[in-house]
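Chains P and L, in that order, are what the protein sequence lines are. Read in full-length UniProt numbering, the first sequence has 52 at position 52, and its numbers run on one by one without any break. Read in full-length UniProt numbering, the second sequence has 204 at position 204, and its numbers run on one by one without any break. Yeah, the Cβ is synthetic: ideal placement off N, Cα and C, and Gly gets one too. Report on the structure given below.
Protein chains: 2
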Amino acid sequence: MTPAQTAEDAADDVTRVAVSTVIFSLRRESDSPTLVLPLVRRTRDPYEGLWALPGGWLDGAESLDAAASRTLSETTGLAPSYLEQLYAFGAVDRSPSRVVSIVYWALLRADAASTELIDRTKDAPDSATRNAPASALENTGWFDAASLPRLAFDHNEIVDYALWRLRNKVGYSRIAHGLLADEFTLADLREVYESILGRRLDPANFRRQVENSGTLIPTDRFRTGSHRPARLYRYNRDVELAERGPLSVRH
Amino acid sequence: MTPAQTAEDAADDVTRVAVSTVIFSLRRESDSPTLVLPLVRRTRDPYEGLWALPGGWLDGAESLDAAASRTLSETTGLAPSYLEQLYAFGAVDRSPSRVVSIVYWALLRADAASTELIDRTKDAPDSATRNAPASALENTGWFDAASLPRLAFDHNEIVDYALWRLRNKVGYSRIAHGLLADEFTLADLREVYESILGRRLDPANFRRQVENSGTLIPTDRFRTGSHRPARLYRYNRDVELAERGPLSVRH
DNA sequence: TCAAAAGTGTTTCACTTACACCCATGA
DNA sequence: TCATGGGTGTAAGTGAAACACTTTTGA
Chain P
1 MTPAQTAEDA
11 ADDVTRVAVS
21 TVIFSLRRES
31 DSPTLVLPLV
41 RRTRDPYEGL
51 WALPGGWLDG
61 AESLDAAASR
71 TLSETTGLAP
81 SYLEQLYAFG
91 AVDRSPSRVV
101 SIVYWALLRA
111 DAASTELIDR
121 TKDAPDSATR
131 NAPASALENT
141 GWFDAASLPR
151 LAFDHNEIVD
161 YALWRLRNKV
171 GYSRIAHGLL
181 ADEFTLADLR
191 EVYESILGRR
201 LDPANFRRQV
211 ENSGTLIPTD
221 RFRTGSHRPA
231 RLYRYNRDVE
241 LAERGPLSVR
251 H
Chain L
1 MTPAQTAEDA
11 ADDVTRVAVS
21 TVIFSLRRES
31 DSPTLVLPLV
41 RRTRDPYEGL
51 WALPGGWLDG
61 AESLDAAASR
71 TLSETTGLAP
81 SYLEQLYAFG
91 AVDRSPSRVV
101 SIVYWALLRA
111 DAASTELIDR
121 TKDAPDSATR
131 NAPASALENT
141 GWFDAASLPR
151 LAFDHNEIVD
161 YALWRLRNKV
171 GYSRIAHGLL
181 ADEFTLADLR
191 EVYESILGRR
201 LDPANFRRQV
211 ENSGTLIPTD
221 RFRTGSHRPA
231 RLYRYNRDVE
241 LAERGPLSVR
251 H
C-alpha cells in the first residue's frame, strides 16, 4: 500500500485509485522543436522494465489535483506550468488488479524542463528516441512524444489521447504559452504552435492573430542574433491559459 | 457495500469509487422548451432527504462506461442517446467518507424522457420547479436545470459544470441531435439550440448552417399543423455526434 | 551589398449576420 | 383573406489565408 513509482501495482482485489500525468515539454534541438515527455521505468511486476507515465496512488487526505502535483514531483522532480485533468481510465483489464487511473496532463516551460533531466542524460545516450535515465531521480527519461516505445498498461493510448487534447486545445486557447519561458519572440511562439500542430504557419498572419488576442505584452527588449532583432514579449497573466468554466474556481 | 441509490454512502475509511451521471433532456411545454434532468432522493444518511444525481458504486468487474449505464438504468430506468465522461471529482471534503466520483453526462431523446418519469408525475405536482417522484422507480423526479434546489454533496457544482460543457459542445458539435426523436423539423432543432444557448437564432441562417453541415437527411414527410407544413429530417448517423479523438475506439 | 528574418500592407475568399421577401397552409 | 411560420435571396460585415512588400541586422 506504499506509493509506487508509477500508478498500477497490485495489492488485494479491491479497486484502487491511481493518479498519473502526461507532461509535455518542448526540446529545441536540430531544426524544429519536438514535443517530449518524461517517463518512469517500472521496477516491479506488472510490466516491470517497461516505461510508464509518472504517477502514484491517491492518498486518502489529498485532492486529485494535489495528488497529481505530488506524484509528479516525487517521481520526476518537475513542477508544471499548466495542469488539467485529462480523463479517468477504468477498463477492467487495464491492469492485473483493478485500478482506476485519474490521468492529468501538464505543460512544462522549456527552461524548467532542461534543468532537471535533460542535462544529466547527455553522457549516456543509448537509443535513438530516448535518453538514458537521470540517475539522481531513479529511472526517468525524456522521450520524443511522436515515437514512443511500447509503454506499460494502456499508457500508449493515454498519451495519444493527451496529444489529441493538446492539439485541439492549442487551436482555441492560449495554452501554448505554458511551454515557453517568461520572455519570448513571436517566432518562438510560432514554433511552438507549428511543432504541436505539425504544419507551418504564416508569420505575418500569426503575428496579427496573437497581437489582436490581447494575451501578449511587448517589452522594450530585443533578441539579437543572426538577423534583424526580434522584439521580446511576455505573457499577459490576466488572461487565463484556457477557459475552464465553473471548474476554475477550484484549485 | 451494497450499491446505493446515489453515489456517496460511507462504509469504512478506504477511498471508494462512485459513478454518477447528469442526464439532460428537453421538456416541451408552455412556450419554449426547457432543459430538465432527473434526480434521485437520498434515503440514507449523508444528506438524507436531499436530491442527488443518479449513480452508484463502481462494480469490480465493469468498466467506468458500463457502470455509468448500469447505475443510470438501475436508478431511473433511462437509457441515454449520448453518454460521455464529464470529470472526476475528488475533493477530500466532498463526502464524509472519501469518495472519488467519476461523473458522466448524457442526453436523452425527448420521446424516451416523456415515457418513464414525466407521465407519472402529473397527478401529484407539489412544487413549482419539481414534479413529485415517480412511484414505480422510487424517489426520482425531473427538475428544471435552470432552477435546482440545494443538492447533496457537490452535485450543484457538478451540474453547473455539465451545463457549461453542454453549452460549449453545442457550439462546435452536432450533439443537440441527441435530444430529439428520429424525425424532426428544422424548427424543432432550432428550438433545442435556442433553449440550450439561451438566445434566439435566425431561422434562415440556422437552416443554411445545418443544411451545409451534411448531418441532416431530408425525408419526404412533412409535419402538418397550424401553418405551412415543415419538412421532417432525420439525423445522418454516419456523422458522429461529437468528435472524441482516440477515445472513440473504446466503448 | 546581400541573405534572411522581422514586421507591414493589401487582396481575396469563406462564412456569418441581418433582413427583405416569397410560399403554403389553417382558420 | 390574412396571420404565421416555412423557406429563399442578398448585401454588408468579419476574419482568416495568401502573398507582395519594406525594414533591419550580421556577415
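Give the residues of chain P in contact with R150 (chain L), contact being defined as C-beta atoms less than 9 Å apart.
-> Contact annotation for R150 (chain L) against chain P: no contact, minimum CB-CB distance about 16 Å [criterion: below 9 Å].
Would you kindly work out how many angstroms separate the C-alpha atoms of A124 (chain P) and G141 (chain P), rounded to a whole number?
-> At A124 (chain P), the pLDDT of 31 sits below 50, so the modelled position is not reliable; the number obtained from the coordinates is stated separately. About 11 Å.
Cβ neighbour criterion (16 or more within 10 Å) applied to P80 (chain L) | Counting the other Cβ atoms within 10 Å of the Cβ of P80 (chain L) gives 16 or more, which makes it buried.
Closest Cβ-Cβ distance between N102 (chain L) and chain P: below 8 Å?
-> Reading the sequence as shown, one finds Ile at residue 102 (chain L) and not Asn. Yes - at least one Cβ of chain P is within 8 Å of the one on I102 (chain L).
Give every residue of the same chain whose Cβ lies closer than 7 Å to the Cβ of E211 (chain L), excluding the five residues on either side of it in the sequence, and list them in chain order.
-> Cβ neighbours of E211 (chain L) within its own chain (closer than 7 Å, five residues either side excluded): none.
Measure from the alpha carbon of G225 (chain P) to the alpha carbon of each residue in P:R234, P:R237 and P:T185, then state which is nearest.
-> For G225 (chain P), the closest alpha carbon among the candidates P:R234, P:R237 and P:T185 is that of P:T185.
Option in L:A230, L:R231 and L:L37 with minimal Cα separation from A110 (chain L) = The residue with the shortest Cα to Cα distance from A110 (chain L) is L:L37.
Just checking, does the region 34 to 51 of chain L make contact with the region 25 to 44 of chain P on the three C-beta pairs under 8 Å criterion?
-> The answer is no - the region 25 to 44 of chain P does not touch the region 34 to 51 of chain L, with fewer than three Cβ pairs under 8 Å.
8 Å Cβ cutoff, P218 (chain P) in contact with chain L | Put simply, the CB of P218 (chain P) is far from chain L, with every gap to its CB atoms at 8 Å or more.
Min CB distance S63 (chain P) to chain L below 8 Å = Interface residue, yes.
Report the rounded CA-to-CA distance for V100 (chain P) versus A66 (chain L), giving the unit in angstroms.
-> C-alpha separation (whole angstroms): 14 Å.
Residues of chain P with a CB under 8 Å from the CB of A157 (chain L): which are they?
-> In the sequence as presented, Ala is not what sits at residue 157 (chain L); that position holds Glu. Chain P residues near E157 (chain L): P246.
With a 10 Å radius around its C-beta and 16 neighbouring C-beta atoms as the bar for buried, classify residue 254 (chain P) as buried or exposed.
-> Because chain P here runs from 1 to 251, residue 254 (chain P) falls outside it and cannot be looked at.
Short CB-CB distance (under 8 Å) between V17 (chain P) and chain L | Interface residue, yes.
Rounded straight-line distance, which links the Cα of H155 (chain L) to that of L53 (chain L) = Looking at the backbone, the Cα of L53 (chain L) and that of H155 (chain L) are separated by about 7 Å.
Three-state secondary structure assigned by DSSP to T15 (chain L) | Note: T15 (chain L) maps to coil in three-state DSSP.
Could you run through the region 67 to 98 of chain L and flag, in chain order, every residue whose CB is less than 7 Å away from some CB of chain P?
-> For the region 67 to 98 of chain L, the set of positions with a beta-carbon nearer than 7 Å to some beta-carbon of chain P reads Q85, Y87, A88, G90, A91, V92 and R98 in chain order.
Kindly identify the DSSP beta-bridge partner or partners of E84 (chain L).
-> Paired residues: L:W105.
G60 (chain L) at chain P interface by Cβ criterion, 8 Å = Interface residue, yes.
CB contact below 8 Å: Y47 (chain L) versus chain P = Y47 (chain L) does not count as touching chain P.
Say whether the region 42 to 52 of chain P touches the region 82 to 92 of chain P, bearing in mind that this needs 3 or more beta-carbon pairs closer than 8 Å, one atom from each stretch.
-> Verdict: no, contact absent.
Should the region 18 to 29 of chain P be regarded as contacting the region 56 to 75 of chain P, the criterion being three or more beta carbon pairs within less than 8 Å?
-> Output reads yes: the region 56 to 75 of chain P touches the region 18 to 29 of chain P.
State the Cα-Cα distance for the pair A242 (chain L) and I175 (chain L), rounded to the nearest angstrom.
-> Their Cα atoms are separated by approximately 6 Å.
Within-8 Å CB hit, W51 (chain L) to chain P | Not one chain P Cβ lies under 8 Å of W51 (chain L).
Around the C-beta of S127 (chain P), are 16 or more other C-beta atoms found within 10 angstroms, so that it is buried, or is it exposed?
-> Low local confidence applies: a pLDDT of 32 at S127 (chain P) is under 50, so the model's placement there is unreliable, and no value is given.
By Cβ distance below 8 Å, which residues in the same chain neighbour K169 (chain L) in space, the five residues on each side in sequence not counted?
-> The residues are I175 and A242.
May I ask you to report which of helix, strand or coil DSSP gives V223 (chain L)?
-> The identity of residue 223 (chain L) in the sequence shown is Arg, whereas the question assumes Val. R223 (chain L): strand per DSSP, three-state reduction.
Write down the C-beta distance between L151 (chain P) and S25 (chain P) rounded to the nearest angstrom, noting that I regard them as a contact closer than 8 Å.
-> Not really, about 18 Å apart at Cβ, beyond 8 Å.
Helix, strand or coil at A112 (chain P) according to DSSP, with G and I counted as helix = In this structure, DSSP gives A112 (chain P) a helical state, which the three-state scheme calls helix.
Taking all protein chains shown into account, do 16 or more other C-beta atoms lie within 10 angstroms of the C-beta of Y87 (chain P), making it buried, or fewer, making it exposed?
-> Y87 (chain P) should be labelled buried.
For chain P, find out if any of its Cβ atoms is closer than 8 Å to the Cβ of Y161 (chain L); answer yes or no.
-> Residue-level contact check: Y161 (chain L) touches chain P, since one or more beta carbons of chain P fall below 8 Å from its beta carbon.
Mind listing the chain L neighbours of W164 (chain P)? Cutoff is C-beta to C-beta under 7 Å, in chain order.
-> Under a criterion of Cβ atoms nearer than 7 Å, the residues of chain L adjacent to W164 (chain P) are, in order, G245 and P246.
Helix, strand or coil at E183 (chain L) according to DSSP, with G and I counted as helix | Residue state, collapsed to three classes: strand.
Taking the continuous alpha helix (DSSP H) assigned at F206 (chain L), which residues delimit it?
-> Taken as a continuous stretch (DSSP letters only), the alpha helix (DSSP H) holding F206 (chain L) covers P203 to S213.
Which residues share a DSSP beta bridge with A61 (chain P)?
-> Answer is none; A61 (chain P) lacks a bridge partner.
Please classify V22 (chain P): does DSSP put it in a helix, a strand, or coil?
-> DSSP places V22 (chain P) in strand when its eight states are reduced to three.
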